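Student:
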């Protein structure tokens, strides 16, 4: 059952062919069997998940009306607060912290009866593209355990790709859902900024962060998208409008007459040959399905990466100031009458990893008086130019496309000492975040040179998320029929090494 | 030789700058729904948002925006059609996020003014204080530093933090520099804060209690030589917790600056703390290494874009301006200039008006509040509003005197009883057994007794020397324990002595 899609699981649950407790236990067993290799989870909440599953089963037995995903298990990125469950954002500075409240996403998942299996690994505070910046060690790509599953939501993508969970929640600040989806051969969507509440999402860069869904199919992803989206009075930047009909669009995959714009700046040099080949093939396929392919020019995209690495660190330098040992989380150096200031400094020094410190320092510098206009101010101007580029492009195309990432999954350790090389991996995903629009990555096949998954990115204007699903479902159907089955089924079987993680009981991580 | 105040004024021009922080009296905090009750148990009015738990987000309290716009309108400001919140970044344990949500270069209200009038030897003088901006921000928590000599963070053994106040909406009202007040600088500063307080009270947007910190004034002052073209270096005095302290702090700083300048020194640009007991200031945080707050627009909040029609609705609903109200009350109550100035100075207008609205005679109400009751408040060193006596009590008292049930003298005893917490005037009268002796028989007995005891004096009155009657009347009053009506005693006494 764990190898089925979430849609099939939901169907089996509604027909009472299987109980949520059985389904949840099957996934917990899978986690126990393979997570020692994959290390997708930071915390498995067996007890909480089984209790939630039992409650869903009871509700269903009593004849209550159930949400579409009721009883289906899910893996939650550790960046989202879940009441009473350890939440660390991948950082040592939050080790052992248990939120006294649920993030809005978690509240919505619970309302929908989605069973939360546990918290997945991530780059510390979502800063990174490989999960290697996690304070708790990296996650490994189920396709090749020597490689990264991408990041920062690498734990979530790896969990879905290794059948530890049919669905997962990630967060995407510069590509942190789409890039790991691409590198693990699954579907990931970054919804329009403001479409999913950020309340309870531990902030990295407030103006760029957005939680979103992972699934193994476009339809599965749409079901999860619909479950978590919607206006929230607790988030001032939340959009007060109807949720786009993404599930309906995913069921109606159709690109006939759709204008698809290929962004000139997001291909060619710097893109791995196999990535480019699969991308071009997919384009041809879309054309054969009746889409009209046009090329669009987005000249400002050249500066997107630079703008991102000023805006995100600037915001994070302020967002992460609250981790000061005063109210929660790690506290070190509190001895011998040390001043509050000294304790703050010692704690932040001990609790934050290298990449987090690097970005805090960068952002502090960029915001400081005398540099603000040159750095933060200029970056905001670029942001405006990128929004204008998109507006022009969307005037001639319904959706825009590119490869999701320039390369397939790279080796753990390969880029960890070269931040610039790693940052370049986000070149195709970052413009979406800067413009606040939506994007999807779905599998386009395996690169012939390394047999690793390639991601195909689709972008749509703000609050037109349904277009992603409409185009994505059409491409997925065509590719699946060409391959004779979903790409993920071609992943090498995991040998299975038991998880080193203790399965969780009430007392928290042991 | 240090210069005295007049010599300082002859040589230097003081320049003022006033920053007033007002805690709004909204039911909930600026960015979350926590309660704002003053004096609640520490850390009972907190939530994930105002404790800055990971993931929590602020959402603006619309009521706070409304109050701020009302303040801006009442201070003759322009209201920005678009303004933003900014983050002011610095680390301090009582600030949960380690940044304060404030407004930086885009305040919601700007370019206003407040007119004040002060009473001088040369008659009333008018000053216009220009307001640069009115902006919204959130308050910090409170630190209590335990141990150490100073009660400050340095040297303390440990500190306790109370986040109840964290996130309470604050409005900051900043003046432009105020030159040209000369020797009246301290009084002008006080009058400005008093006027602001009255305006804010009239708007009903704040408790404006300086002693509880719901209205706080940071007083900036500098001295410049009369012929100078550049401003002198200013100091900023915090912890100024009463109107009187505003005046004392400015005066004290003028004297301190002058002394430094006269001895060839340089005034340090710094924050100073006012000491209520000595009237002096002590050095606080030096501003020489100006802190870099790294302001930037808060990405968690959306711009404030008040609807123009809404602003006009708020403008139309503004209450009467305090200056206009004062003029009206002065006329209605027919109060002479000097007395009215005394009423304003003693801050009894509201309470007198409340008493009059309960049916009391305006002159009598004024006399009670400005006289006996003010005197008690002064003796006790408390604000008149803190006494147990209310406008209703005074109105009742005036009624009792008018109906002849109490004499003025007895009424003073009743006031004392009410202030002592013995109840309403009627209750005090009943409890203390106070009553006017109006029984002619009892009075006559006392008169006869007194005239017999002081036969010489009685004889003088009988002979037509009326001033001598005073001593006899006094003795009769004493005999009746002050419960007699003096006029009645006089009438009966003179009749008894054939006058």
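Chains as they are written, first to last, in the numbering used here: chain A, 3 to 512; chain B, 12 to 510. Even glycine gets a Cβ: it sits at the ideal position worked out from N, Cα and C. Here the structure is a predicted model, which is why all the values come from computation and not from measurement.
#1: Going by DSSP, which residues form a beta bridge with residue 139(B)?
#2: Using DSSP with H/G/I as helix, E/B as strand and the rest coil, what is residue 84(A)?
#3: Just the chain B side, please: which residues come within less than 9 Å of residue 188(A) by C-beta, in chain order?
#4: By the three-class DSSP mapping on this structure, what secondary structure does residue 356(B) have?
#5: Mind checking residue 54(A): buried by the 16 CB within 10 Å criterion, or exposed?
#6: For residue 209(B), I'd like the list of residues in its chain whose CB is within less than 6 Å of its CB, leaving aside the five on either flank, ordered along the chain.
#7: With distance defined between alpha-carbon atoms, name the residue in 335(A), 386(A), 322(A) nearest to residue 361(A).
#8: Could you tell me whether any Cβ in chain B is nearer than 7 Å to the Cβ of residue 495(A)?
#9: Determine which residues of the region 109-132 of chain B have a Cβ less than 9 Å from any Cβ of chain A, and write them out in chain order.
#10: Under three-state DSSP, which class holds residue 117(B)?
#11: For the alpha helix (DSSP H) holding residue 45(B), just list the boundary residues, first then last.
#12: When you compare only the Cα positions, how much space is there between residue 136(A) and residue 88(B)?
#13: Measuring CB to CB, does residue 140(A) end up less than 7 Å from residue 133(A)?
#14: Counting only the same chain and skipping the five closest in sequence on each side, list residues whose C-beta sits under 7 Å from that of residue 126(B).
#15: Taking 7 Å as the threshold (beta carbon to beta carbon), is residue 176(B) in contact with chain A?
#16: Check whether the Cβ of residue 471(A) lies closer than 7 Å to any Cβ atom in chain B.
#17: Going by the CB atoms, is the gap between residue 429(B) and residue 439(B) shorter than 7 Å?
#18: Report yes if the C-beta of residue 146(B) is less than 6 Å from at least one heavy atom of the ligand SAM; otherwise report no.
#19: Between which two residues does the beta strand (DSSP E) holding residue 233(B) run?
#20: Starting from residue 48(A), trace the beta strand (DSSP E) in both directions and tell me its first and last residue.
#21: Rounded to a whole number of angstroms, what is the C-alpha to C-alpha distance between residue 446(A) and residue 370(A)?
#22: So the alpha helix (DSSP H) residue 458(B) belongs to, where does it begin and stop?
#23: Indicate whether at least one CB of chain B lies closer than 7 Å to the CB of residue 203(A).
#24: Quick one, are the C-beta atoms of residue 251(A) and residue 312(A) less than 7 Å apart?
#25: Within the continuous beta strand (DSSP E) that includes residue 173(B), where are the two ends?
#26: Please name the residue in 69(A), 89(A), 145(A), 154(A) whose C-alpha comes closest to that of residue 113(A).
#27: State the DSSP-derived secondary structure class of residue 509(A), mapped to helix, strand or coil.
#28: Can you pull the chain B neighbours of residue 101(A), defined as C-beta to C-beta under 9 Å?
#29: When you compare the region 240-247 of chain B with the region 19-38 of chain B, are there three or more beta-carbon pairs, one atom per stretch, that lie closer than 8 Å?
#30: Excluding sequence positions up to five away, which residues of its chain have a Cβ less than 7 Å from the Cβ of residue 509(A)?
#31: Starting from residue 459(A), follow the beta strand (DSSP E) in both directions and report where the run begins and ends.
#32: Any C-beta of chain A sitting closer than 7 Å to the C-beta of residue 318(B)?
#33: Looking at chain B, which residues of the region 250-266 of chain A have a Cβ within less than 8 Å of any of its Cβ atoms?
#34: Examine chain B for any beta-carbon lying closer than 7 Å to the beta-carbon of residue 437(A), and answer yes or no.
#35: So, does the region 282-299 of chain A touch the region 56-70 of chain A, judging by three or more C-beta pairs under 8 Å?
#36: For residue 12(A), report the span of its alpha helix (DSSP H) as first-last.
Tutor: Here's the rundown:
#1: 126(B)
#2: strand
#3: Result: empty, since nearest Cβ-Cβ is about 26 Å, beyond 9 Å.
#4: helix
#5: buried
#6: 333
#7: 322(A)
#8: no
#9: 109, 110
#10: coil
#11: Looking at the DSSP string, residue 45(B) is not in any alpha helix (DSSP H), and its letter there is neither H nor E.
#12: 51 Å
#13: yes
#14: 137, 139, 334
#15: no
#16: no
#17: yes
#18: Inclusion of the ligand SAM in the displayed structure is not the case, the ligand content being empty and no account of it being possible.
#19: 226-236
#20: Per DSSP, residue 48(A) belongs to no beta strand (DSSP E); it is in the alpha helix (DSSP H), 48-63.
#21: 44 Å
#22: 451-464
#23: yes
#24: no
#25: 169-173
#26: 69(A)
#27: Residue placement at residue 509(A) is poorly supported in this model, since its pLDDT is 38, which falls under 50; the coordinates still yield a value, given next. Three-state result, residue 509(A): coil.
#28: 59, 64, 65, 66
#29: yes
#30: At residue 509(A), the pLDDT of 38 sits below 50, so the modelled position is not reliable; the number obtained from the coordinates is stated separately. The answer is none, since no qualifying residue turns up.
#31: 455-462
#32: no
#33: none
#34: no
#35: no
#36: 8-16
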